[in-house]
Amino acid sequence: MNSLLLQVCARITSPLQIILSLILLLRGHNEPGGGFIGGLVAAAGIILYGFAFGFHRALCLLPLPPISFIAIGLLLAAFSGIPALLAGQPYLTGLWPNLSIPTFLAGNLKPGTPLFFDLGVYFSVFGTVLLMLETSTKNENSP
Amino acid sequence: MAASLFIVFLASAISPLLVYFLRTRASYFLALVPLSIFVLYLHYLQRLHDGSPLLETIHWIQSFGVHLQFRLDGLALLFLLLIAGIGTLIVLYAGSYLAGHPHLGRFYAILFLFMGAMLGLVASENLIALFVFWELTSLSSYLLVGFDYRKKEARAAALQALLVTFTGGQALLVAFLILASLTDSFSFTQILEKKIQIQQNPSYIILVLLVLTGAFTKSAQTPFHFWLPGAMAAPTPVSAYLHSATMVTAGVFLLARLTPLLGGTHLWAWSLTSFGLLTMLTGSILAIGQTDLKRLLAYTTVAALGTMTMLLGLGTPLAAKAAIAFLLVHSLYKGALFMVAGAVDHETHTRDVRDLGGLIRHMPITAIASGLAALAMCGVPPVLGFISKELIYEAKLEFGQIGWFFAILGVIANALVVAVALIVGIRPFLGFPLHTPKHPHEAPFPLWFGPLILALLGLLFGIVPPLVEQTIIKPAVVAVVGDTIKVKLSLWHGFTPMLVLSFVTLLLGFCFFRMREKFRLARETLTPLRYYGPESLYSCIINHWLPSIASLQTRILQHGYLRYYVLSIIAAAALAVAAGLSRISLPGTWFTWRSFEWWEVLLCAAIFLAGFAAILTSGRITSVVLLGIIGYTISLIFALYGAPDLALTQFLVETLTLILLVLVLYRLPKAKSLSSKASRLRDALLSLAFGFAITLLVLKSLYIPHDTKLPDFFVQNSPIAQGRNVVNVILVDFRALDTLGEITVLGISAVGVWAVLSFIRKKSSSASASQKNSSPASFEQ
Amino acid sequence: MNLLLVLPIFLPLVSAAILLLIPSAKLQRWIHIAACLAHFAASALLLCEVLRKGITASQLGNWPAPFGITFVADTFSAMMVLITGLMGFLVAIYSLDDVSSEHQKRGFYSLYQVLLMGVSGAFLTGDLFNLFVWFEVMLMSSFVLLALGCSRHQLSGGVKYLVLNFLSSSLFLTALGLIYSVTGTLNMADAANILKSSPLGISSMSAAMLLMVSFGIKAGLFPLFAWLPASYHTPPVSVSAIFAALLTKVGVYALVRVFTLIFTIQVDFTHDILIGISLITMLTGVLGAAAQYETRKILSFHIISQIGYMTLGLGFFTEAALAATVFYIIHHIVVKTNLFLIAGAISKLKGTAELKKIGGLYAESPWLALLFLIPAMSLGGIPPLSGFFAKFALVKEGVSLHAWLSVFVALAVGILTLYSMTKIWAEAFWKASPNENGDFGLGDAPDPTPTSSTTPSLPSLPASFWAAITAMAAVTLAISSWPQWLFDLSERAAAELSTPSHYIQAVLHSKQ
Amino acid sequence: MENLLAITIGAIYAFSFYLLLRRSLVKVILGVLLFGQGVNLLIFTAAGLTPDRGAFLKEDGSLQPPYADPLPQALILTAIVIGFGVLAFTLAMMHRLHRETGTDDLDELRSDEFDDPDKPAP
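Residue numbers (this note's numbering), protein chains in the order written: chain A, 385 to 527; chain B, 71 to 851; chain C, 611 to 1122; chain D, -19 to 102.
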């Protein structure tokens, strides 16, 4: 697994995959993509890095352990419905503040609450895949 | 009424505390509870004489018309007085009898629970309230019979008593519900108004049978008589109270209560008389051969209950009068004799009549009480027992020829009872003192006080019958017969056939008494007959049939093979689909021709072939790869039919799944072919059948074009939701909650994977204990 | 209203996520309890609101039904959520001293919260696919809770549990796909509207039957119940107690909801099948219990048997019978959960709940004996405890419908249930401990030396156990003493169930 | 195509049931996986197929029918993800079970539930 080619590949493609995943996330509202696919692609980036350098090192790149990503993702998704409640509307009603942020690759971005919801999906999927693979590979090594 | 119930239940709750602080002395305080109730109802008796029955209602369950309704008529008052009066003596008695017993507090708690239930039962006007108390008596009886819980026999006897009476209770419940469905009320008085409707209804027969089952199980009528002698495993105060004077008469009470409603038909009369006579004979015949004091008495109780049932079946006012009088007499003497038996047991530590003799020297007061009670049991003048026996004969002889037949049977049974009375009540006190495990002394005051009072009352009422005839017996008889009748009791009626019969009874009884050894021998030789009796049927059911059916069923249904569980579910699903399809009667709506392209055939063929290969191969990795092919093909289908998001997701998830599968399966050994050919064929056929059904369902559903309002709405409203990818808008906005649940599942599954794979098991005791729990050896059969 | 309807899922979800983030075990325990209490309080408020305002609905995302997902609370679902909250809270207290620290480290509390979330969501949703999602939320956490501990028995029981429940979910999805294909809607009220008035109803009968099988698996109906006795005795007691309380009842709830709201066009067909299945379920469950000698196994089989009573009421399909079903469910949840907790207390005291190896608790732990008698006799249907009224209401309806076979089976099963309860009582409480010298009776005569002095080696039960068990017994006693209020609620729930137009109205025409 | 797919779906159901009825836990898990895919395909097909036209609005927010029904797609997406979660956990559990018991033969595990391991299957 520790082939040099893989390591070089990983060094280049992993950041690209993360960026790609963000693009997929952000444009998901209009084109194929979205939080789930984005999260998977982002996780794939880390996994690729993990295959090249070992999972432990790959996870060290992350600011938080995978399980926290899951928790934060769930919290983000759950709380994205709260502003609507405060505005007197049913839970999870999409609120779209009247502004638009131009982004480089994904067109103009409207930061509504569904976007935060999707971000929650993204995080939790990301954390899920990493946690699963981390645990299963850890067991590979320690009999 | 409610107040007195409350007091009794309160006493039940606090008696453990009282006993804890006051020890045995608590019994004196506790005895005040039933005593005060007794006095209260003596007072009511007076009021009843002046006016109509007292009514009281506490609303309980409006929805069903179930209320705590009480109605104190003559019948109820008679029972209330007996329960409270004898209860007072029993509470005193038990305090001394069980002095120092570690569970005396619990004993009182249960005893008062029983007392309250019994009081409520006899006073209930509402049938369901009556039933509630009825079942409570069963429960408290269970706990009391099993009071010596360390003895296996006591536990078995308790269970037997509970199951038999509870089963009868269920029958009774149905009977009450049928009554209610016919009359729309649970109130006895209201039901009584529709008597004719009920008796003409076709369900009347079922109704009677159900009521009889309930009453007969409670009152230990043949063929349910067997639980009563078994219940003698209870401490003697319990036997004296529950199993002679009160609980067992609840069945008789019920019959008496329902006679105005259900009685007057041939069915009622014949079933009661015949079962009553049968029980009377069974009880008395089984009694005579016994040697244990309590069992002797228990069987005569069975006989007495049979007599009462029979009298109620005769149904004439005279018979009712005889029944009521006999009930009173029986409660007095049987309670007394049981208490005497307990006192003797307490003083000598034996209950075998063959070991007892000459006790009058040591226990004179007990002997007097016992002798008087025995005389009442024999029916010797001038005790009240004599009057009641005369009445019984008189009631029978009213019926002419068949009456004579009854009377002769009665003479035999009564003679046997007389013999038992002599064996139990007289013989142990006369003759030479025999050696007993404990040297006897006069019993302490509470042990002889109760029997003495009861025995003296029997004597007093016999000498001065007016004390009871107008006050107690007449109102009760009126309640049973339904109209006012003349009640007159007296010792001397002149020379009548009844007198002759009484005399014959006594004479024959004395002969039987002399022949008691022969009866004992006969009983021993006839013991094998028990295997054909109802008791062995009961124990067969409980000990053999039930466990073997249960374990057979468990072996069939809960066998532990996952694949047969799956099999049964698939079979059920296939059946369900087939049943559903069978409801559709529209022909020709199955299939519409649709064109297809060559590459579509190719895609489907790929799935077919891969699937077929996957089930045939034994290589794990091979089958994983084959399944991967199926997954990717499906992903392709999604892509081709306008679902790029779906295709992408399917593709990514499939890849991830394959990685995980390979990671896990990598190390497992190669799969063996584990199933037999036959079972594979069976599985294949079943799978095919269900697959075929699913195909049909899909074709069927394709035939019906559905409303497209949902997709139209989503497409039209996506701009409002600021998105052009409608699928994604559905996921994060229209149906965001689904997605919230979905990521929760996903996150939790990751937590689960992590938790399960990294859980560190302690090798501690708890782990091994849980292993032990479920080890194969621990299963029953 | 919008808030109250989502709180029962929002609170557990947020607390589950927070619990995953927090490493401190002590803090976790407090959050766990606080979250369960909050859930309980929210569900109580929800019921009050429903009682005040009638059926209420919230269109999530502000998309009108049938396009978005509707959360809807009628009396029945609000009652179910409330009982979920109550049981969740009480079992949570019990779990504090029951599960190991390793469990706590591996996310036990989070999983527990997610379980409550899934169950509450299933009760509140008015959308078929959303119901599936909540089922999965509930199942996923129950899979993990069941396997956590990773003993051989847990895992092999867990595999069966998992595969069979997966089958159930997949059949559900299959039926769902067919229903969508026929009706073009997922909203239950809308589907009811569409199906009741057209031949479509009949052509979706197969889907209805598939749903019956799917929910039947979850509810534990014959012959689909095998997963339940295979697994319920293996996890820690608090886990099996909360399972016993909630999981099968979600299946029953779904059956009741679907077969009172959507598929009522061929009652003589679907509901008669239900009656038949219920009767067999009652019998097989109780007979299964008769063959067992481990307390939790006995209780597991009794769950199945009791489920039969509940679905029997649905099968009768009259308003009174539905009221009986609702009453039965509530009664049963309290009683059965308590019995599981007591079984746990017995194991804690004796090291095992295997009836042949234990005994003597009547003398050693009289309070436990008393606390056992209350739910046990209630389950056995001894009046005036709650179980009697539940059975009474059902049997009464059976009698007035002249369903004699049902009445007979219901009562016979009642007798056998009592038999099982007395078996536990006689073996665990009355019988002398096998390590003592067999039967040395106290004798009829007074025994000079009290033998009931507690042996010093007997471990004592933690206060949390007592608290949970006593509280549940108190609930049972409260239901028993004042059954009318629960009957009022049940009748109200049944009235709403038997006239679905109010429900449909509330879902399809509510403003929000 | 729908008719072809209907038959294919039936076949997938049949294959997966056959796998679920095996003794080997691995096969059972593969059956679980296949079953999930069959269900997804069933939902997709039963809702009707529309070749090539996904439900994507044009920039101006309009979309002319026919287009593929987006709702089943969203449902299947959810179902796929949930199915993946279940499968991953099942695998983990099987892994652990194998570690604890050393077998994947389900028949060897039945003794955990019922006594009598020697008794032949019914």
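In this text, a Cβ means the ideal position worked out from N, Cα and C, and glycines have one as well.
Predicted model, so just to flag it, every value in this text is computed and none were measured.
Asked: Every unbroken alpha helix (DSSP H) within the segment 664 to 696 of chain C, with a cutoff of 4 residues, ordered by chain; Found: none
Asked: Own chain, CB closer than 7 Å to B:Pro498, minus 5 neighbours either side, in chain order; Found: Val414, Val423, Leu426, Gly427, Leu429
Asked: A:Pro474 burial status per 10 Å Cβ neighbour count (16 or more: buried); Found: buried
Asked: Length of the line joining the Cα atoms of B:Thr343 and C:Ile968; Found: 48 Å
Asked: Proximal residues to A:Ala498 (C-beta, below 6 Å), its chain only, five neighbours per side dropped; Found: Per the sequence shown, residue 498 of chain A should be read as Pro rather than Ala. So the list reads Gly478, once near-sequence residues are dropped.
Asked: Nonlocal neighbours in the same chain, by C-beta distance under 6 Å from B:Ser166, ignoring five residues either side; Found: Pro514, Pro516, Leu517
Asked: C:Ala667: CB within 7 Å of a non-hydrogen atom of the ligand GTP; Found: Among the ligands in the structure shown, none appear at all, so the ligand GTP cannot be discussed.
Asked: Coil, strand or helix - B:Asn795 by DSSP; Found: strand
Asked: Three-state secondary structure assigned by DSSP to B:Phe469; Found: coil
Asked: C-alpha distance - A:Ile431 paired with C:Thr962, whole-angstrom precision; Found: 46 Å
Asked: contact_flag[the segment 664 to 679 of chain B, the segment 694 to 704 of chain B] where n(CB pairs < 8 Å) is 3 or more; Found: yes
Asked: Residue of B:Pro272, B:Leu816, B:Ala164, B:Ser122 minimising C-alpha distance to B:Ile144; Found: First, the residue type needs correcting, since residue 144 of chain B is Gly and not Ile in the sequence shown. For the residues B:Pro272, B:Leu816, B:Ala164, B:Ser122, the minimum Cα distance to B:Gly144 belongs to B:Ser122.
Asked: Interface residues of the segment 699 to 731 of chain C facing chain A [CB-CB below 9 Å]; Found: Gly717, Ser720
Asked: Closest by C-alpha distance to B:Phe217, when choosing among B:Ser251, B:Ser273, B:Thr306; Found: B:Thr306
Asked: Whether A:Leu469 touches A:Leu410 by CB criterion (8 Å); Found: no
Asked: Euclidean distance between Cα positions of C:Ala799 and C:Met1031; Found: 42 Å
Asked: Entirely enclosed beta strand (DSSP E) segments - the segment 787 to 860 of chain C, minimum 3 residues; Found: none
Asked: Collapsed DSSP secondary structure at B:Asn196 in the structure displayed; Found: strand
Asked: Closest Cα partner of C:Val792 within the set B:Ile800, B:Asp777, B:Val796, B:His313; Found: B:Asp777
Asked: Reduced DSSP category for B:Gln628 - H, G, I as helix; E, B as strand; rest coil; Found: coil
Asked: B:Gln139, DSSP secondary structure in three states; Found: strand
Asked: Spatial neighbours of A:Val425 in its chain, beta-carbon cut-off 7 Å, leaving aside the 5 residues before and after; Found: Gln401, Leu404, Ser405, Leu408
Asked: Contact list for A:Ile454 against chain C, beta-carbon separation under 7 Å; Found: Leu630
Asked: Cutoff 8 Å: B:Val78 Cβ touching any chain C Cβ; Found: no
Asked: Close Cβ partners of B:Val799 (< 6 Å) along its chain, the five nearest in sequence each way excluded; Found: Ser788, Ala791, Gly793
Asked: Spatial neighbours of C:Leu598 in its chain, beta-carbon cut-off 6 Å, leaving aside the 5 residues before and after; Found: Since the first and last residues shown for chain C are 611 and 1122, residue 598 of chain C lies out of range.
Asked: Chain D contacts from the segment 416 to 430 of chain A (Cβ-Cβ distance under 7 Å); Found: Phe420
Asked: Range of the contiguous alpha helix (DSSP H) that encloses C:His942; Found: 929 to 960
Asked: Coil, strand or helix - C:Thr735 by DSSP; Found: strand
Asked: Any chain C beta carbon closer than 8 Å to B:Asp425; Found: no
Asked: Beta-carbon neighbours of B:Thr714, restricted to chain A and to distances below 7 Å; Found: What sits at residue 714 of chain B in the sequence shown is Pro, not Thr. Correct list: Pro416.
Asked: CB contact flag (B:Ala301, B:Ala227, <8 Å); Found: yes
Asked: Burial state of C:Ser1111, where buried means 16 or more other Cβ atoms lie within 10 Å; Found: exposed
Asked: Neighbour flag for C:Ser766 against chain F, beta carbons, 8 Å; Found: Absent here is chain F; the protein component of the structure consists of chains A, B, C and D.
Asked: Straight-line gap, A:Pro450 to A:Gly419 (C-alpha atoms, nearest Å); Found: 17 Å
Asked: Whole-angstrom distance between B:Pro104 and B:Arg95, CA atom to CA atom; Found: 16 Å
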